[in-house]
Amino acid sequence: MLTVFSVSAASHSTSQLSQKLKTTYKASTSKIVSSFKTTTSRAVCQLVKEYIGHRDGIWDVSVARTQPVVLGTASADHTALLWSIETGRCLVKYTGHVGSVNSIKFHPSEQLALTASGDQTAHVWRYAVQLPTPQPVADTSLVEVDCSLFDNTVLYVGRGFGHVDSHKGDKHSLSTRYVPGTVLQIGGEDEVECSDKDEPDVDGDVSSDCPTIRAPLTSLKSHQGVVMAADWLVGGKQAVTASWDRTANLYDVETAELVHSLTGHDQELTHCCTHPTQRLVVTSSRDTTFRLWDFRDPSIHSVNVFQGHTDTVTSAVFTVGDNVVSGSDDRTVKVWDLKNMRSPIATIRTDSAINRINVCVGQKIIALPHDNRQVRLFDMSGVRLARLPRSSRQGHRRMVCCSAWSEDHPVCNLFTCGFDRQAIGWNINIPALLQEK
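First residue of the sequence shown? That's 1 in UniProt numbering, and the numbers climb one at a time after it.
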């Protein structure tokens with residue numbers, strides 16, 4: 001033992017206290033670190049398509065629920081764009097808002113889109129698209145990444161030639177050159193940066209020749225602040241909006257009449273989500289809570305408050321059964337049982353704030369878009385299944401704002417968008433073995 005001070009009762013007591021603090025610290029941090037442990041998975045995550053055309057950050061991404069299936073994006077550039085998933089071509093440009101477009105959702109059975117905006121309104125607008133025929137092209141950019149996670153090891157299978165640097169905190173850094181087909185093995189959660197000075201500029205406005213819709217069918221008004229999100233209630237005859245004025249509003253879409261104003265949150269609302277089959281709504285807020293609003297009984301509109309986060313709740317979404325999943329700026333995701341609102345049934349701790357999450361209902365996989373440009377996949381019990389590949393040549397280069405699953409699409413089954421002005425389509429293959437408990 002290395003002794004610096006003279007041995008005394010006081011120093012001995014201090015030493016014991018120091019040791020106790022160290023033990024307590026190790027115990028507490030081990031609980032956090034355990035959330036980053038991985039299974040021995042072989043999840044294949046393939047970047048399929050990039051959707052580039054917005055001139056500012058993209059807040060939201062959504063997939064149409066009717067044929068033809070198109071991708072929708074909502075951007076701070078005051079526009080919403082509809083895309084061909086297969087070709088990456090812009091099909092429709094909506095310019096009816098005079099502020100940032102903060103969310104986009106598709107009608108459950110008609111070719112209608114619902115957008116929320118910083119101009120204090122939500123718009124319902126009709127679109128008609130014909131999908132282009134995909135043209136076969138040489139594969140020069142597709143990068144397949146085998147997200148094989150063995151004891152926090154990630155295998156990157158790359159095509160191309162670039163410089164790789166890995167830096168994170170006090171961890172090691174790796175600098176090497178790689179050739180087509182080379183496998184790079186990086187330990188832990190280290191961030192892989194690939195730089196290429198010849199990377200093309202993507203500032204061109206590819207949406208300039210899109211058919212443009214300039215006015216809505218219906219404008220939903222009455223908010224006194226930015227409208228952050230909007231969603232369709234089951235059946236598509238009503239819509240709910242969430243605003244910075246601390247209220248959520250329920251509208252009749254056909255008449256644009258305000259049916260209910262939902263009050264109770266103490267700070268600005270950040271998101272709203274509706275149940276796919278029942279008249280239920282969840283609203284998220286900067287007040288660290290989310291609320292469940294029940295409209296199943298026309299005469300009674302009950303509300304339940306979920307507390308458990310320590311920072312802004314950025315989104316809360318419904319999933320299978322009686323579960324709701326919430327994400328927060330406190331760097332956690334929590335899974336809740338609607339029958340037991342006092343505490344979550346699972347908590348996922350991460351190293352970065354979490355934005356608009358989405359759950360793959362079929363496989364029960366949660367996609368977590370992070371402030372730190374990462375996208376991670378977890379199951380409903382909190383086990384990390386994969387981390388999507390990210391470098392300066394692929395993946396997101398700035399904050400990832402939103403994720404959206406499209407389970408049945410043959411080309412892409414997960415979409416993400418961010419403040420690098422692009423949306424990305426991924427093909428995610430999680431073996432069924434990983435879903436077994």
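Glycine is no exception: its CB is placed at the ideal position from the N, C-alpha and C atoms. Bear in mind that the values here come from a model prediction, so they are computed numbers and not experimental data.
request  = In angstroms with no decimal places, state the Cα-to-Cα distance between Thr310 and Thr247.
outcome  = As a first step, residue 310 must be located in the sequence shown, where it is residue number 310. As a first step, residue 247 must be located in the sequence shown, where it is residue number 247. Put simply, the backbone Cα of Thr310 is about 21 Å away from that of Thr247.
key: First through last residue of the beta strand (DSSP E) which encompasses Phe290   = Residue mapping note: residue 290 aligns to position 290 of the sequence shown, counting from 1. Unbroken beta strand (DSSP E) run through Phe290: 289 to 297.
inquiry  = So if DSSP puts Lys334 in a beta bridge, which residue, or which two residues, is it bridged to?
reply    = For this step, residue 334 is matched to residue 334 along the sequence shown. Residue pairing of Lys334 in beta bridges, as defined by DSSP: Ser326, Thr347.
query = DSSP beta-bridge partners for Leu220?
reply = Indexing the sequence shown from 1 puts residue 220 at position 220. According to DSSP, which records beta bridges pairwise, Leu220 is partnered with Ala122.
ask   = Hey, how far is the Cα of Tyr51 from the Cα of Ile85?
value = Within the sequence shown, the letter at position 51 stands for residue 51. Within the sequence shown, the letter at position 85 stands for residue 85. About 8 Å.
query = Would you say Gly53 reaches chain D, if we count a Cβ-Cβ gap shorter than 8 Å as a contact?
reply = In summary, chain D is missing from the structure at hand, where a single protein chain is found.
request  = Could you round the C-beta distance between Leu81 and Val129 to whole angstroms and report it? I think they count as a contact, below 8 Å.
outcome  = Position 81 of the sequence shown, counted from the first residue, corresponds to residue 81. Position 129 of the sequence shown, counted from the first residue, corresponds to residue 129. Actually they do not touch by this definition, with Cβ atoms about 11 Å apart.
ask   = What is the C-beta distance between Ala423 and Cys45, in whole angstroms, given that I count them as a contact (C-beta under 8 Å)?
value = Position 423 of the sequence shown, counting from 1, holds the residue named residue 423. Position 45 of the sequence shown, counting from 1, holds the residue named residue 45. Contact between Ala423 and Cys45 fails: their C-beta atoms lie close to 16 Å from each other, not under 8 Å.
message = Please return the same chain residues whose Cβ sits closer than 6 Å to the Cβ of Gly181, not counting the five positions on each side in sequence.
response = Here the question's residue 181 lines up with position 181 in the sequence shown. With a pLDDT of only 32 at Gly181, under 50, the local geometry of the prediction cannot be trusted, and the value read off the model is given with reservation. In its own chain, leaving out the 5 sequence neighbours on each side, no residue places its CB closer than 6 Å to the CB of Gly181.
message = Just to confirm the assignment, what range does the beta strand (DSSP E) spanning Gly418 have?
response = Counted from its first residue, the sequence shown places residue 418 at position 418. DSSP places Gly418 inside the beta strand (DSSP E), whose first and last residues are 414 to 418.
ask   = What is the DSSP secondary structure of Ala256, counted as helix, strand or coil?
value = In the sequence shown, counting from the first residue as 1, residue 256 sits at position 256. The DSSP-derived three-state label of Ala256 is coil.
ask   = If you drop the 5 nearest sequence neighbours on each side, which residues of the same chain put their C-beta closer than 7 Å to that of Thr140?
value = The residue you call residue 140 lines up with position 140 of the sequence shown. At Thr140 the pLDDT is 41, less than 50, meaning the model places this residue with poor confidence; the figure from the coordinates comes in the next sentence. Excluding positions up to five away in sequence, the list is empty.
query = How many Å lie between Cys90 and Asn340 at the Cα?
reply = For the purposes of this step, residue 90 is identified with residue 90 of the sequence shown, where counting begins at 1. For the purposes of this step, residue 340 is identified with residue 340 of the sequence shown, where counting begins at 1. Rounded to the nearest whole angstrom, the C-alpha separation of Cys90 and Asn340 is 44 Å.
request  = Kindly identify the DSSP beta-bridge partner or partners of Thr115.
outcome  = Indexing the sequence shown from 1 puts residue 115 at position 115. In the DSSP assignment, the residues bridged to Thr115 are Ile104, His123.
task = Return yes when the Cβ of Lys105 is within less than 8 Å of the Cβ of Asp231, no when it is not.
result = Against the sequence shown, residue 231 aligns to sequence position 231. Against the sequence shown, residue 105 aligns to sequence position 105. A contact, by the Cβ cut-off of 8 Å.
Pick from Leu112, Gly425, Cys401, Leu368 that is closest to Glu407, judged by C-alpha positions = On the sequence shown, position 407 is the one that residue 407 refers to. The shortest Cα separation from Glu407 among Leu112, Gly425, Cys401, Leu368 belongs to Gly425.
query = Do you know offhand how far Arg373's Cα is from Leu233's?
reply = Along the sequence shown, one-based indexing puts residue 373 at 373. Along the sequence shown, one-based indexing puts residue 233 at 233. One C-alpha to the other measures close to 31 Å.
task = Go through its chain and collect everything with a Cβ distance to Asp337's Cβ below 7 Å, but skip five positions before and after it.
result = Within the sequence shown, the letter at position 337 stands for residue 337. Excluding its 5 nearest sequence neighbours in each direction, Asp337 has C-beta neighbours in its own chain below 7 Å: Asp322, Asn323, Ile345, listed in chain order.
task = Helix, strand or coil for Ala76, going by three-state DSSP, please let me know.
result = Against the sequence shown, residue 76 aligns to sequence position 76. Coil, per DSSP.
request  = Classify Ala239 as helix, strand or coil using the three-state DSSP reduction.
outcome  = Within the sequence shown, numbered from 1, the residue matching residue 239 stands at position 239. For Ala239, the secondary structure class from DSSP, reduced to helix, strand or coil, is strand.
ask   = Measuring CB to CB, does Ser243 end up less than 8 Å from Gly264?
value = Mapped onto the sequence shown, residue 243 falls at position 243. Mapped onto the sequence shown, residue 264 falls at position 264. Contact check for Ser243 against Gly264 fails: the beta carbons are separated by 8 Å or more.
query = Any chance the segment 208 to 215 sits against the segment 115 to 122, with 3 or more Cβ pairs inside 8 Å?
reply = Touching, no.
ask   = Can you tell me whether Lys49 is buried or exposed, with buried defined as 16 or more other CB within 10 angstroms of its CB?
value = The residue given as residue 49 occupies position 49 in the sequence shown. By the neighbour-count rule (16 or more Cβ atoms within 10 Å), Lys49 is buried.
message = In the DSSP output, what is Ser302 paired with across the bridge?
response = Stepping through the sequence shown from its first residue, residue 302 is reached at position 302. In the DSSP output, where bridge partners are listed per residue, Ser302 has Asp294.
Top-ranked residue by Cα proximity to Val124, from Ala64, Ser326, Leu220, Leu280 = Your numbering for residue 124 matches position 124 in the sequence shown. When Ala64, Ser326, Leu220, Leu280 are compared, the shortest CA-CA separation from Val124 is found for Leu220.
inquiry  = Let me confirm a value: Pro132 is counted as buried when at least 16 other C-beta atoms fall within 10 Å, else exposed. Which label applies?
reply    = To locate residue 132, count along the sequence shown from 1; it is residue 132. Counting other Cβ atoms within 10 Å of its Cβ, Pro132 stays below 16 and is therefore classed as exposed.
query = Who pairs with His405 in a beta bridge, going by DSSP?
reply = Here residue 405 corresponds to residue number 405 of the sequence shown, with the count starting at 1. The sequence shown places Trp at residue 405, rather than the His named in the question. Among the bridge pairs identified by DSSP, Trp405 is matched with Leu414.
task = Identify whether Tyr25 lies in helix, strand or coil by the three-state DSSP scheme.
result = Walking along the sequence shown from the start, residue 25 turns up at place 25. Low confidence applies here, because Tyr25 scores a pLDDT of 41, under 50, leaving its location unreliable; read the following figure in that light. Under the three-state reduction of DSSP, Tyr25 is assigned to helix.
inquiry  = Looking at the secondary structure, which residues open and close the beta strand (DSSP E) in which Lys49 lies?
reply    = The residue you call residue 49 lines up with position 49 of the sequence shown. Here the beta strand (DSSP E) through Lys49 covers 41 to 52.
ask   = Based on the DSSP output, what are the partners of Asp60 in its beta bridges?
value = The sequence position of residue 60 within the sequence shown is 60, counting from 1. The secondary-structure analysis by DSSP pairs Asp60 across a beta bridge with Ala74.
query = Looking at Arg55 and Pro431, is the spacing between their C-beta atoms short of 8 Å?
reply = Reading the sequence shown from its first residue, position 431 is the one you call residue 431. Reading the sequence shown from its first residue, position 55 is the one you call residue 55. At the C-beta level, Pro431 and Arg55 stay beyond 8 Å of one another.
ask   = According to the Cβ coordinates, are Ile58 and Arg421 closer than 8 Å?
value = Reading the sequence shown from its first residue, position 58 is the one you call residue 58. Reading the sequence shown from its first residue, position 421 is the one you call residue 421. Result yes, Cβ atoms of Ile58 and Arg421 sit closer than 8 Å.
key: Inter-residue Cα distance where the pair is Gly236 and Gln278   = Sequence index remark: in the sequence shown, residue 236 carries index 236 (1-based). Sequence index remark: in the sequence shown, residue 278 carries index 278 (1-based). The alpha-carbon atoms of Gly236 and Gln278 are separated by roughly 12 Å.
inquiry  = Can you check which of these residues, Ile300, Cys273, Pro410, is closest to Arg291 by C-alpha distance?
reply    = Here residue 291 is taken as the residue at index 291 of the sequence shown, counted from 1. Cα-wise, what sits closest to Arg291 is Cys273.
message = Restricting to Cα atoms, I'd like to know which of Ile428, Asp330, Thr95 is closest to Ser285.
response = Within the sequence shown, numbered from 1, the residue matching residue 285 stands at position 285. Residue Asp330 is the option with its Cα nearest to Ser285.
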